[in-house]
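Take a look at the structure below.
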Amino acid sequence: MTISIKGFNHGNRGVGIRSHQLILPTVICSTHVSRRIAAEVGAVTFAHQHGCAIIGDDVEGINNFFVSLADHPNVASVLAVGLGCETIQSQELAAKLLSRNKSMQYRIIQESGGVEGTIAAGVKAAYELSEAFPSAHATVAKLRVGLDLGREVSDAAALQQLLTDEGCEVVVAHSETSSAETFSKLSQENVHVIISFPSDSQPASGFPLIPVINVAGSGVLHMAIRGDFDIDENTLLSGIVELLTAVAAGTETVAEKSKSGEIRAPRVVRSA
Amino acid sequence: MSSPLKAYKRANGSWGLRNQVLILPLHSALSSTARAIADGSDGAVAISHDWSGEKDNDLARIIFTLSGYASNPNIFATIFLSIGSPEEEQIIKGAQALGLTRFTNLLLPEIGSMEKLQLEAITLANEYVKEASAQERVDAPWSSIVLGLECGGSDALSGITANPALGVASDRLVELGASSVLGETTEILGAEHLLAARAIDPAVGKKIVEMVARYEDSINYEGIDIRGAQPSRGNIEGGLSTLEEKSLGAAKKAGNAPFTGTLEFGEIPKVAGLYFMDTPGHDIEQLAGFGAGHINVVVFTSGRGTPTGSAIMPTIKVSTNTPMYVSIPDLIDLDAGTIADGIETLAQVGDRIFDEIVQVANGKLTKAERGGHHEFALSRMYKTVVR
């Protein structure tokens, strides 16, 4: 193995290549409060439209999705923020998360004095978490790399071989239109980093918690917005190891710099 | 009663109660850029969504929703952020057809990168905001109000205090010539026959019953008994026992006026009156349907309390009980719990809600507006998604 990465020991979550504090809104109604808390303490959060009025298989599916985000190796600690009356009950989710990792707290808007009260309580809890659970350095035993194949990539097999030879574990996923749901699925596979080949008609995109290296194709759109990508497909094989090593060591990808990355949980049923 | 209203008159004759500059990303990858543009501007607003151009069976619904939302009369101008796909073009054309005249489509591939897009959009947004603030409100008729009726986090008092009080306000407005729209099909399930009996003619009544049956079928299709999933756990903790009890209470938001017609999700009412719109119970998906249907002010009753609002529609929150109003003061505009405590009558609280709607229509900011709550969610049916 030639890629040796100094990462962060996150206990039961594993060793990550980022040390993010995640402010996890358990329902769309708490995304704004989560964003205010995250901005104040320098944590990561994201907008989503899930957590309430979900039925059938989506209840368990979205619960599991939130658990997997909170369990991701790139996460140092989690503050879950709920509203209080949503389908996914934040107390139960919190209990599940706490049974896996101690570096976790939760606050509920309906029980914390509304918006400003919850922001104040959340900021305090977030600081407490960072203080109580500082990230210790550790070596990443095996870098897990997700490949998001949204287009035909002639070098895909060669890339996979190259990464395997470098000691990485490679998880391959094919996206149909956009990378949104593929990223969600790869996050559930606990990949440390994603190399994305969006379709020629799709822009580069990111995912919270996981650095995404966007590879530009030769199509008109990708050439027009080359600045949103990290590397070109035709220089991929010669440049990817160096780039991947840098990103794994902490260099931000373009998508990380622009903080782009909404999440879309895999869904199968309409909202009730 | 002559109207005390002052509003923004739009070219197609509709009325805006706000003069927003909306940053609308037409691809989810541009959502964070849209928020950064709004944050960096002098008062433009943005929404986020998770549609990335997927062409599944929800495509038409998504295009329709975004076209309607982008052309809501509360908007002075819309700045579209796009990657240049034909579907995005369809959304913009749809918005024009629905009355949007001031807009710019900023194409990411023409501008070259998200970073440059952000800078260019902030400059443009500030120009629009400046123009918007120079426009003055003019005398407007009662018909300028298109009220949306919503409830979320209901409790045992919802059907006794806030909802019937909102019904009083809705009836007064409809009587004066305004429009009022009841949504949330989930929440009238079991009470549809009572609403149908109030239809202006049997055809409208039949349509209401059909819409509810269609909704229940779409849920049953998934093998789920909605009557087992509702009321939600939050509702049960709030003291509601059955879906029918929740529905009977929820329907009271629409007062006693006759139903003029029914509206599909995001459909715009053509003449003034009271309507029923087929929307899901998910508060934010339902608000998106209201926005797309050109509703320009919303009253949202709640037993448990919610911080949510809209980027384009002022949303007045009414609590069903006083303890909640007291415990989360920055979420709720008005308290209807006084009815249960014997301090005020239903009619008195109804009048207070009516007065608040008039003041908010004339520019008074709601708590959700002051807090900057701009939640948005696309409604999807998912029925034919095969993976």
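Here the protein sequences line up with chains A and B, keeping their order.
Take any residue in the first sequence, count from 1 to its spot, add 5: that is its number in my numbering.
Take any residue in the second sequence, count from 1 to its spot, add 8: that is its number in my numbering.
In this text, a Cβ means the ideal position worked out from N, Cα and C, and glycines have one as well.
Predicted model, so just to flag it, every value in this text is computed and none were measured.
For residue 196 (chain B), the closest alpha carbon among the candidates B:234, B:211 and B:208 is that of B:234. Assigned with DSSP and collapsed to three states, residue 245 (chain A) falls in helix.
Residues of chain A with a Cβ closer than 9 Å to the Cβ of residue 77 (chain B) do not exist, since the nearest Cβ in that chain sits about 14 Å away. For residue 193 (chain A), no CB of chain B lies under 8 Å from its own CB, so it is not counted at the interface with that chain.
For residue 83 (chain A), the CB contacts under 6 Å within the same chain, skipping 5 residues up- and downstream, are 27, 29, 75 and 109 in chain order. Judged by beta-carbon spacing, residue 246 (chain B) lies within the 8 Å limit of residue 164 (chain B), meaning their Cβ atoms are closer than that value. When Cβ-Cβ separations below 8 Å define contact, residue 46 (chain A) makes no contact with chain B.
Here residue 59 (chain B) carries a coil assignment [DSSP, helix/strand/coil]. Closer than 7 Å at the C-beta level to chain B, one finds these residues of the stretch 156-183 of chain A: 182 and 183. Sequence-ordered contacts of the stretch 112-134 of chain A with chain B read 114, 115, 116, 117, 118, 119, 120, 121, 122 and 123 [C-beta pairs closer than 9 Å]. Residue-level contact by beta carbon fails for residue 73 (chain A) and chain B, as no gap is shorter than 8 Å. Per the Cβ contact rule, the stretch 275-288 of chain B is in contact with the stretch 209-228 of chain B (3 or more Cβ pairs under 8 Å).
Taking all protein chains in view, the Cβ of residue 342 (chain B) is crowded by 16 or more other Cβ atoms within 10 Å, so the residue is classified as buried. With a cutoff of 8 Å on beta-carbon distance, residue 307 (chain B) and residue 365 (chain B) are scored as near each other. Around residue 164 (chain B), no beta-carbon contact reaches into chain A at under 9 Å, the shortest distance being about 13 Å. No residue range can be given for residue 53 (chain A), since it is assigned to no alpha helix (DSSP H) and is classified by DSSP as neither H nor E. Residue 76 (chain B) and residue 103 (chain B) have their C-alpha atoms roughly 6 Å apart.
Note that the C-beta distance between residue 297 (chain B) and residue 191 (chain B) is below 8 Å. Excluding its 5 nearest sequence neighbours in each direction, residue 295 (chain B) has C-beta neighbours in its own chain below 6 Å: 318, listed in chain order. Shown here, residue 190 (chain B) sits in a strand according to DSSP, grouped into three states. Residue 80 (chain A) is bridged by DSSP to A:25.
With the criterion set as a beta carbon lying under 8 Å from some beta carbon of chain B, the members of the stretch 199-210 of chain A are 206, 207, 208, 209 and 210, in sequence order. Taking a C-beta cut-off of 8 Å against chain B, the contacting residues of the stretch 87-105 of chain A are 88, 89, 90, 91, 92 and 94, listed in chain order.
Going by C-alpha positions, residue 190 (chain A) is about 10 Å away from residue 177 (chain A). Of the residues assessed, residue 63 (chain A) falls on the buried side of the cut-off, its CB having 16 or more other CB atoms within 10 angstroms. Residue 131 (chain A) and residue 252 (chain A) have their alpha carbons spaced roughly 26 Å apart. Annotated three-state conformation of residue 277 (chain B) is coil, per DSSP.
The three-state secondary structure of residue 173 (chain B), taken from DSSP, is helix. Per DSSP, residue 327 (chain B) lies in no alpha helix (DSSP H); the unbroken beta strand (DSSP E) holding it starts and ends at 323-327. Contact note: residue 330 (chain B) does not reach chain A at a C-beta cutoff of 8 Å; the least C-beta distance is about 15 Å.
Collapsing the DSSP output to three states places residue 94 (chain B) in a helix.
Rounded to the nearest angstrom, the gap between the Cα atoms of residue 301 (chain B) and residue 277 (chain B) is 7 Å.
If you look at residue 201 (chain B), you'll find it in the alpha helix (DSSP H) that goes 200-204.
Per the C-alpha coordinates, the member of A:25, A:55 and A:243 positioned closest to residue 277 (chain A) is A:55.
Scanning chain B for C-beta atoms nearer than 8 Å to the C-beta of residue 50 (chain A) yields nothing, as the closest lies near 11 Å away.
Excluding sequence positions up to five before and after residue 57 (chain A), its CB lies within less than 6 Å of the CB of 32, 91 and 92, all in the same chain and listed in chain order.
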